[in-house]
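Chains as they are written, first to last, in full-length UniProt numbering: chain P, 1 to 252; chain X, 1 to 66. Ideal Cβ placement from N, Cα and C applies to all residues, glycine included. Input: a single structure, listed below in structure tokens.
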Amino acid sequence: MNDDLIIGGEKFSSRLIMGTGGAPSLEVLDAALVASGTELTTVAMRRLDPSAHGSVLDVLRRRGIKVLPNTAGCFTAGEAVLTARLAREALETDWVKLEVIADERTLLPDPLETFDAAERLVADGFTVLPYIGDDPVLARRLEQAGCAAVMPLGAPIGSGLGIRNPHNIELIVEFANVPVILDAGIGTASDAALAMELGCDAVLLATAVTRARQPELMAQAMRSAVAAGRAAHLAGRIPRRRYAEASSPLHR
Amino acid sequence: MKVTINGTAHELPDGATVAQAVRILTANRSGVAVAVNDEVVSRGAWDSTALAEDDRVEVLTAVQGG
């Protein structure tokens, strides 16, 4: 069955987008990325460190994984726009995961700065994938502003709390005409499966894999969970009932 | 003249270019981006863009994150 994910006109057969933060080494990251089957993976932009050995870019290039730069660490629209432009220059891609956080304690996305930056980046020709709270109205407004996808959180970054408000995620999915990518909060495989069952088009996760006891094994679990959740969504779950409904005839 | 490269003060000859500032940190030209005073300088313009006293040069690359 052909069930490609299409973002900004590009096709992906994997619906699992990976982050690269938190991995203990590039070797561990490499093994986890391969096990995840991902075709799209985020990186951050930072000051060049002359003493650093090896590069996450080499890993992605070697594995043929498309790079998705993010604007992590930005607190204002201005910082995010500059970071996106630097990423475009360094990585030769106009794709950007737009991430503008409000404070370091919650790492929650700032909706006003994010919207401002999104408008400016769309006008500048970027393919913009904004990280947002689970707000159906903001998701719709960002789609109208020309974003190529929306990326609502399940729970705060790195919290592993899963999807705190499945109802809002369903509302976002219901209204969206661009891909909905559940981003942040995934703790384990069932969370990723739930995101897909709710109708999300893809899942983005990092910490759940990179900080697992066995990252490669967890990456494999996430790959299966995303595929299973997607299949279940397409297949259509049975309605929930208050009482039993016999699946075998009750009388001989 | 004094310029700041990634937050550290450096002494460069007058008329030094963005390319010279980048070379202090790395011989690579790919996978790297430069902003001078918060404006991106595209790779093609590194050799022809002269720096001025007190310029703030940021040299960035991709790292693990997100």
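- For P156(P), same chain residues with a beta-carbon under 8 Å away, outside a window of 5 residues either side, are T106, L107, L108, A184 and G185 in chain order.
- At least one CB of chain P lies nearer than 8 Å to the CB of G31(X).
- For a Cβ distance threshold of 7 Å, residue set R47 of chain P lies close to E58(X), ordered along the chain.
- C-alpha of E216(P) to C-alpha of A31(P): approximately 6 Å in a straight line.
- Look at the beta carbons and you see the stretch 205–215 of chain P not touching the stretch 161–181 of chain P: under three pairs across the two are nearer than 8 Å.
- When only Cα atoms are considered, P69(P) and L16(P) end up about 16 Å apart.
- For N37(X), no CB of chain P lies under 8 Å from its own CB, so it is not counted at the interface with that chain.
- Taking 8 Å as the threshold, the shortest C-beta distance from A155(P) to chain X does not fall below it.
- R211(P) carries a coil assignment under DSSP once its states are collapsed to helix, strand and coil.
- Nearest Cα to V59(P) within the set V63(X), V57(X) and R56(X): V63(X).
- When DSSP states are grouped into helix, strand and coil, L60(X) belongs to the strand group.
- For L86(P), the enclosing alpha helix (DSSP H) starts and ends at A77 to L91.
- Each of M222(P), A228(P) and R241(P) was checked against the Cα of G19(P), and the nearest Cα belongs to M222(P).
- Beta-carbon to beta-carbon, E89(P) and V100(P) are separated by about 20 Å, too far to satisfy the 8 Å threshold.
- Collapsing the DSSP output to three states places L234(P) in a helix.
- Bounds of the beta strand (DSSP E) holding E11(X) are T8 to E11.
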